[in-house]
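Trainee: Numbers given in the working numbering equal positions in the sequence shown, counted from 1, plus 8.
Yeah, the Cβ is synthetic: ideal placement off N, Cα and C, and Gly gets one too.
Before I ask anything, let me first share the structure, which is written out below as structure tokens.
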Amino acid sequence: MSAHTIIVAAEWTLGADTEPGAPEEPLHEAQCTSCGDMSGATEGRRLPAEVWALKHTGAHPGHRSYRAVQTSFWRVTPAYGNPYREEPDRTTADNADLPAPE
9 MSAHTIIVAA
19 EWTLGADTEP
29 GAPEEPLHEA
39 QCTSCGDMSG
49 ATEGRRLPAE
59 VWALKHTGAH
69 PGHRSYRAVQ
79 TSFWRVTPAY
89 GNPYREEPDR
99 TTADNADLPA
109 PE
């Protein structure tokens, strides 16, 4: 039998993913519910997806229903007191409102 570490209670925070490479704005796209075609995603602007849906219906008059897809990105980070927290930097935006460690 091997030893395992069990964290009985650890606090985490959930917020927008601000890591490098994460989109700053939500992604918008449209999907035709008749055939499954998709507009392609655009960051922060939904107009291209809306225009795509209108053009798609123009090319396929029977395709009139669409799924609006908005994707945002979240990140879970260890809060103060969580043993997974690597550096107690209170200057980061996602931890600025947390209480100071005891």
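I'd like the list of long-range same chain contacts for Phe81, defined as Cβ closer than 8 angstroms, with 5 residues on each side in sequence excluded.
Mentor: If we look at Phe81 and ignore the five residues flanking it on each side, its Cβ neighbours are Ala24, Asp25, Ala30 and Pro31.
Trainee: Distance check for Val77 and His71, CA to CA, integer angstroms please.
Mentor: In a straight line, the C-alpha of His71 is about 17 angstroms away from that of Val77.
Trainee: In the DSSP output, what is Arg72 paired with across the bridge?
Mentor: Partner(s): none; Arg72 has no beta bridge.
Trainee: Just mark Glu94 as buried or exposed, buried being the case when its beta carbon has 16 or more other beta carbons within 10 Å.
Mentor: Exposed, by the Cβ-count rule.
Trainee: Mind checking Tyr74: buried by the 16 CB within 10 Å criterion, or exposed?
Mentor: By the neighbour-count rule (16 or more Cβ atoms within 10 Å), Tyr74 is buried.
Trainee: Taking the alpha helix (DSSP H) that Ala61 belongs to, which residues open and close that run?
Mentor: That run of the alpha helix (DSSP H) goes Leu55 to Ala67.
Trainee: Could you tell me the boundaries of the beta strand (DSSP E) in which Gly23 lies?
Mentor: Residues Trp20 to Ala24.
Trainee: Tell me, please, which residues DSSP counts as bridged to Ala38.
Mentor: According to DSSP, Ala38 bridges with Ala76.
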